[in-house]
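Counting from 0, one number per residue, gives the positions in the sequence shown under numbering that gives the first Met the number 0. Beneath this line is the structure, given in structure tokens, with notes to follow.
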Amino acid sequence: MRGKPIERVGIEDIHHLITDGVAEGRRIEFKADVPVSSEEQKAHAKLTAGERLLDRSWIQGKALRKFGRDSLMEEVVAFANADGGTLVLGMEETADQPPRASRINALPEVAGLERRLRDALIDCVEPRLPYVAVRAVPVTEDGSGIVLVEVGASALSPHWVSSTRKPTIRREDRCDQLSMSEVHDMVLRHSRRIDTMTNQLTAERVAFVKAFPEYVRSKKPGNFIGDTDGTERTWLERTGQAALGAQVTIVPHFDLALRRLESLAGLIPSMDAIMVEGPAEPLRSQFLAPYEYASGNPARILGGVKADQVGGFDKSVRAMRDGTVTVSFKQIVERQHCTCTADLILGAAGFAMGLFDQLRQKASYPSTPAEVTIDICTRGHVGVGGILGVNHQGSFGRLDEHVIFPCYGLGEAKDISAVLQEIGADLMNAGGMPSSHLPRVWWDDESDR
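Here it is as structure tokens:
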């Protein structure tokens, strides 16, 4: 569509396909209608004196017929397994080779067809496509028109249609089935990407765990001589203090390849995006508020930006063009006030996931999967607590000097709620408390609306 984002494509752009004589190719496919199998056509012709069968199931509120649905999904999968592309549904083509756009075949109620295609993309394609957009473009007042399905090249390939198990690929102007050797090569490439992601995740975690004792050491006054962990512990014990730090690390399954990232403007989630189940009604929290400073003027670093804030509750936010996000905090306070409360951890995790979600949308890969991890480091006695102002009833248990949370898989934005709930439950367990001690929390970022 002349390089336009799919959400800005209008009727005039569709007409340009015809007037420009655009041909099918590696990145565009025309379909006049939802395909119907020859067997269905023959059976229908016997009953209706040769009348052609059309799939209009979406008008009746039903799912698309299996053959047509799977045929369209195979075209979409073929683009994802190659270089990406656009399926134009409702466009007739010439008999030339390669075929060219010739005339709009306006399909009825394209808004309903758009919804059915979205359903099919979720239900029928494995693994889920990291970027796919569906847009109905009405060309008449009664809502008839065409539907565009745009898909990006996927780093998670090979993809396939669930019912047929056939991985397809786009070759010039046709949809072909992948050979076994091609599937094997794709699987190997995907495995290498996962290894790279795992190594990067480990490196980020190790760097934080190494930096934490150095942070504690830097705060120790000069009259406590020595640079060993034992010296820091002695200082904290004698002064009645404890140290707490945590880092949330998010690494996507593949490089988002953002062309430029010099600011976090427009990428910061709402400060009240985390909801908490209150005794009478849901409460909008301010868990993310400590990180609002990051929306200011972060420092540019190689490959991304970083925003630090010091002053007792030291915080750091880092976002990279490849999609990696780290959010951390460190503090040394009086022992009775040094509790790892749920709002501290959920705030850092929620901010990190909200920021990552905005980054992948900016990169046009809104469903990019990622791994989320949390490391908590302590020195001195640090217990676990609930949510301040909601159910915090003191400190429980004692955290180890390094608490390693499991990896949490983050899919679409709607998964943030489930990940937050898992993180909260694991934190409670780390303090020797049941997960039921924490009220239900969920994600509701109004900035996404």
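Every residue, glycine too, gets a C-beta built ideally from N, C-alpha and C. Note that the coordinates shown come from a computational prediction; the quantities given were computed from them, not determined experimentally.
query, result
"Residue 361 by DSSP, collapsed to three states: which one?", "helix"
"So which of 316, 248 and 314 has the shortest CA-CA distance to residue 450?", "In the structure displayed, the chain extends from 0 to 448; residue 450 sits before or after that span and is not available."
"Which residues in the same chain as residue 99 place their Cβ atom closer than 8 Å to its Cβ, once the five residues preceding and following it in sequence are excluded?", "20, 21, 22, 23, 92 and 93"
"Sorted by chain position, which residues of the same chain lie with C-beta nearer than 6 Å to residue 441's C-beta, five sequence neighbours on each side aside?", "274 and 416"
"Determine the contact status of residue 306 and residue 288, defining contact as a CB-CB distance below 8 Å.", "no"
"Give me whichever residues DSSP pairs with residue 441 in a beta bridge.", "274"
"Can the beta-carbon of residue 355 be found less than 8 Å from the beta-carbon of residue 324?", "yes"
"Does the beta-carbon of residue 68 have 16 or more other beta-carbons within 10 angstroms, so that it is buried, or is it exposed?", "buried"
"Say whether the region 201 to 212 touches the region 231 to 246, bearing in mind that this needs 3 or more beta-carbon pairs closer than 8 Å, one atom from each stretch.", "yes"
"Sorted by chain position, which residues of the same chain lie with C-beta nearer than 7 Å to residue 36's C-beta, five sequence neighbours on each side aside?", "66"
"Roughly how many angstroms separate the alpha carbons of residue 131 and residue 75, rounded to a whole number?", "9 Å"
"Near residue 162, what residues of its chain come up, given a Cβ to Cβ distance below 8 Å and the 5 sequence neighbours on each side ignored?", "65, 69 and 123"
"Quick check on this structure: which residue in 29, 357, 366 and 384 has the alpha carbon closest to the alpha carbon of residue 337?", "384"
"If we ignore side chains and look at the alpha-carbon of each, how far apart do residue 116 and residue 13 end up?", "19 Å"
"Taking the alpha-carbon positions, what's the residue 87 to residue 79 distance?", "15 Å"
"Alpha carbon to alpha carbon, how far is residue 168 from residue 176?", "6 Å"
"Ordered along the chain, which non-local residues of its own chain (more than five positions away) have a Cβ less than 6 Å from that of residue 386?", "341 and 342"
"At which residues does the beta strand (DSSP E) containing residue 373 begin and terminate?", "369 to 378"
"Excluding the five sequence neighbours on either side, which residues of its own chain have a C-beta within less than 7 Å of the C-beta of residue 174, listed in chain order?", "73, 74, 77 and 167"
"So, helix, strand or coil for residue 18, using DSSP?", "helix"
"Using alpha carbons as the reference points, say which of 327, 322 and 191 lies closest to residue 357.", "322"
"For residue 237, does the count of other Cβ atoms within 10 angstroms reach 16, so buried, or fall short, so exposed?", "exposed"
"Let me know the alpha helix (DSSP H) ranges lying completely inside the region 11 to 65, each 4 residues or longer, listed in chain order.", "37 to 46"
"Quick one: give me the first and last residue of the beta strand (DSSP E) that residue 170 is part of.", "167 to 170"
"With three or more C-beta pairs closer than 8 Å as the rule, is the region 368 to 380 touching the region 297 to 313?", "no"
"If you run the structure through DSSP and keep just helix, strand and coil, what is residue 409?", "strand"
"Identify every residue that forms a DSSP beta bridge with residue 339.", "383"
"In the DSSP output, what is residue 125 paired with across the bridge?", "159"
"Could you tell me the distance, in whole angstroms, from the CA atom of residue 348 to the CA atom of residue 127?", "24 Å"
"Would you call residue 96 buried or exposed, if buried means 16 or more other Cβ atoms sit within 10 Å of its Cβ?", "exposed"
"Verify whether the separation of the beta carbon atoms of residue 326 and residue 350 is less than 8 Å.", "yes"
"Does DSSP put residue 264 in a helix, a strand or coil?", "coil"
"May I have a chain-ordered list of the beta strand (DSSP E) segments no shorter than 3 residues that lie completely inside the region 61 to 125?", "83 to 88, 90 to 92 and 100 to 103"
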